[in-house]
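Student: Position 172 of the sequence shown, counted from 1, bears residue number 261 in the working numbering, the numbering being contiguous throughout.
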Amino acid sequence: MTGDEVGGWDGFDNGDMRYVFDRLTASGPQRLIEGPVCAFVDWVLEDLSGLEMCRRLRADPRTADAHVTMVLESCDAEDKRRALAAGADDYVVGPVDRTGVLDRVLALGTGRIAQATNRPFTLGDLEIDLPALQARWQDKPIPLRPNEFRLLRFFAENADRVLSRGELIDGLGKQEPPIDERTVDVWIGRLRRALRQVGAGDPIRTVRSLGYVYDSH
């Protein structure tokens, strides 16, 4: 989600469903995505155009099936056409407030945006089956606890990028209650042992003083 109107709004509960709100950047989601995604993109952003943001969302496998609503500055027919051509599913004329965003999200339900959560995520010999909460290496199941499974998924979605301990905690949504950053080392130790157990070697590399990186090659 982009735009100042929704900044800082963490989320809400609707019965058994938990909705989490976060702000997107030009590089995509900065935390683990679990469940369908709805993105509201401002026509003009600080570091790129809303049209370019829409194209990036469609090109990113994490958000390719998101329901994207472009927030236009005016009711201009050409702007509407360009928004849809860039990959938006819908558009509204801004500004939008929190109530308006919430109403639209609830009205959308799941629909086709839920399909993304049912597709295996693959990276080389690694396959992550989200509905089954199962990871496999060359079709061999990797024995993982829930934290290590989510950690591996986050690494795979951010492959070849150095991630600090703080970024890993934030990415997994583990900010509350506060977690000692050294706990990440314990998670990674368990994950490394599980990967070696199925013959994957050690694709997780320690970068001194910076953090860790999952090498995809």
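Think of the CB as a built atom: it goes at the ideal place given N, C-alpha and C, for glycine as much as any other residue.
Using the three-state DSSP reduction, which class does alanine 153 fall into: helix, strand or coil?
Tutor: Three-state DSSP puts alanine 153 in coil, outside helix and strand.
Student: Rounded to a whole number of angstroms, what is the C-alpha to C-alpha distance between threonine 188 and valine 157?
Tutor: If you take the alpha carbons of threonine 188 and valine 157, they lie about 17 Å apart.
Student: Closer than 7 Å by C-beta to arginine 250: which residues in its own chain qualify, once you throw out the five before and the five after it? Chain order, please.
Tutor: Once the five neighbours on either side are set aside, the close Cβ partners of arginine 250 are Val302.
Student: Let me know if glutamate 167 comes out buried or exposed under the rule of 16 or more other beta-carbons within 10 Å of its beta-carbon.
Tutor: It counts as exposed.
Student: Might you give, ordered along the chain, the residues of its own chain that have their beta carbon closer than 8 Å to the beta carbon of proline 235, omitting 5 neighbours on each side?
Tutor: Around proline 235: Leu222.
Student: According to the neighbour-count rule (16 or more other Cβ atoms, all chains shown, within 10 Å of its Cβ), is methionine 90 buried or exposed?
Tutor: Bear in mind that the predicted position of methionine 90 carries a pLDDT of just 45, short of 50, making it unreliable; the figure below should be weighed with that in mind. Buried.
Student: Does the distance from the CB of isoleucine 258 to the CB of glutamate 270 come in under 8 Å?
Tutor: For isoleucine 258 and glutamate 270, yes; Cβs fall inside 8 Å.
Student: Could you pull out every residue in the same chain whose Cβ sits closer than 7 Å to the Cβ of arginine 254, ignoring the five residues on either side in sequence?
Tutor: Cβ within range, chain order: Glu270, Val273, Gly300.
Student: Which residue wins for smallest C-alpha separation from leucine 195, given the options Pro125, Arg294, Trp276?
Tutor: Here the closest residue by C-alpha is Pro125.
Student: Following the continuous alpha helix (DSSP H) through glutamate 246, name the residue where it begins and the one where it ends.
Tutor: Looking at the DSSP string, the run of the alpha helix (DSSP H) that includes glutamate 246 is 235-246.
Student: Would you say glutamate 237 and arginine 225 are within 8 Å of each other, going by their C-beta atoms?
Tutor: Not closer than 8 Å, so no.
Student: In the DSSP assignment, the beta strand (DSSP E) including glycine 300 goes from what residue to what residue?
Tutor: Where glycine 300 is concerned, the enclosing beta strand (DSSP E) stretches over 300-303.
Student: Nearest CA to the CA of methionine 142: which residue from Cys164, Leu173, Asp186?
Tutor: The residue with the shortest Cα to Cα distance from methionine 142 is Leu173.
Student: Among Asp228, Asp149, Arg170, Lys169, whose alpha-carbon lies nearest the alpha-carbon of glutamine 119?
Tutor: It is Asp149.
Student: Whose CA, out of Leu197, Asp192, Ala175, Ser163, lies closest to the CA of valine 182?
Tutor: Measuring from the Cα of valine 182, the nearest candidate turns out to be Ser163.
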